[in-house]
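The sequence shown begins at 5 in this note's numbering and counts up one residue at a time.
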Amino acid sequence: MQIVTENLTKKFDDFLAVDQVNLQVPQGELLVLLGPNGAGKTTTVRMLTSLLRPTSGNAKIAGYDVVTHAAQVRSMVGVLTEHHGLYGRMNAKEYLTFFGELYGLSKQESQKRFVPLLEKFGLITQINKRLGEYSKGMRQKLSLVRALINDPPVLLLDEPTSAMDPESSRMVRNAISTLKQNDRTIILCTHNLNEADELADQVAIIQNGKIILNDYLETVKSTLLGFPVFEATFAENTSSFSFDFLPGVKVINQTATQITFEVENPAVSNPKLIQHLSQDYHLISFQQKARKLETAYLEAVNHHGGELNEKLL
């Protein structure tokens with residue numbers, strides 16, 4: 005596991021900000037950490053970067069403890085926080101060269117790394133512009149370049165696409181997806197649930213400092229929203245269709261030319277279901293209906309307690 009936390013806890017005087025958080029993220033996977041403002045997301049990230057000492061519990065990055073091996077942890081982690089810490093009097097070239105030197109890179113090696121990244125994010129023409137003149141979206145992209153300059157195996161990204169226009173947001177999401185495919189391990193904090201739905205392998209929902217749900221994306225959806233739903237569309241009227249022979253398959257809606265099914269185990273049942281539907285009717289399409297993470301997230305945070313716990317048993 006590249007990222008592991010065990011009962012990770014942080015108190016500020018009497019305020020319990022993070023309460024016994026347990027996470028495991030394997031190499032090459034992306035965990036989306038969701039929760040309302042003040043839930044403990046940023047505090048968790050700060051502990052994982054060795055910037056904040058846990059009150060109790062522990063966390064490891066690539067096997068290194070965030071307290072006892074803080075220097076090794078910082079060398080292996082690229083961080084994007086909501087507060088950029090950009091130096092407004094510097095231009096992008098000076099700024100990125102400076103951070104490259106902090107990671108032990110020569111000016112030539114730094115440039116070799118950051119120029120392609122600036123090109124990728126559409127900032128290369130602004131390389132000599134003072135950072136104080138950058139827009140908020142440009143600053144966000146530059147901060148992501150800074151997080152990648154040391155080629156880290158682990159990335160901790162806090163709201164990476166906030167304040168960006170749609171084109172820039174898409175550019176950054178594509179870059180994150182590519183990083184994951186290249187075996188980077190990523191924790192992403194975001195309020196953009198469509199973004200989370202697109203990028204997540206795992207989802208962890210934190211509320212009042214506690215993880216109330218943590219699992220793989222499709223498992224979270226199944227747990228909170230029921231089994232996957234599929235819609236069959238036909239060329240002719242199927243109102244006389246009756247279906248009751250496959251276990252684990254249930255008709256939940258039927259119109260003249262469409263039938264909607266809830267399927268407990270699609271990998272097993274769908275081939276038989278499609279074969280049966282095609283025998284007597286002209287089947288035009290058979291596709292899964294999208295189930296949004298937003299719906300599952302709201303279900304979790306609004307029913308945290310008895311109802312949610314019953315679903316998780």
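Virtual Cβ for every residue (Gly too), placed ideally from N, Cα, C.
Alpha-carbon spacing of residue i relative to residue j, whole angstroms
| i | j | result |
| --- | --- | --- |
| L135 | L12 | 36 Å |
| S79 | R177 | 24 Å |
| E322 | K145 | The structure shown does not extend to residue 322, since the chain is modelled only from 5 through 317, so no value can be given for it. |
| I263 | P275 | 16 Å |
| Y138 | N306 | 39 Å |
| V207 | Q112 | 39 Å |
| G213 | R57 | 16 Å |
| A96 | K133 | 7 Å |
| G42 | M51 | 15 Å |
| I7 | A294 | 30 Å |
| N257 | I153 | 52 Å |
| D219 | R93 | 44 Å |
Reduced DSSP secondary structure (H/G/I, E/B, other) of residue i
| i | result |
| --- | --- |
| N26 | strand |
| T189 | strand |
| E268 | coil |
| N178 | helix |
| Q283 | helix |
| E235 | strand |
| I278 | helix |
| A21 | strand |
| L317 | The predicted model places L317 with a pLDDT of 38, which falls under 50 and marks its position as unreliable; any figure quoted below should be read in that light. If DSSP states are grouped into helix, strand and coil, L317 belongs with coil. |
| L56 | coil |
Whole-angstrom C-beta distance between residue j and residue i, which should lie under 8 Å
| i | j | result |
| --- | --- | --- |
| T9 | N26 | 6 Å |
| V49 | D162 | 6 Å |
| K225 | L297 | 7 Å |
Boundaries (first-last residue) of the beta strand (DSSP E) holding residue i
| i | result |
| --- | --- |
| D62 | One point to set straight first is that residue 62 is Asn, not Asp, in the sequence displayed. Segment 60-65, the beta strand (DSSP E) holding N62. |
| I288 | 287-292 |
| N241 | Premise fails: N241 is in no beta strand (DSSP E) and is neither H nor E. |
| D162 | 158-162 |
Span of the alpha helix (DSSP H), counted from its first residue to its last, around residue i
| i | result |
| --- | --- |
| D201 | 197-203 |
| N306 | 297-306 |
| L229 | 221-229 |
| L52 | 45-52 |
Open item on the list: To test your reading of the DSSP string, which unbroken alpha helix (DSSP H) runs of 4 or more residues are found completely within the region 70-146?
Closed with: 74-80, 96-106, 111-124
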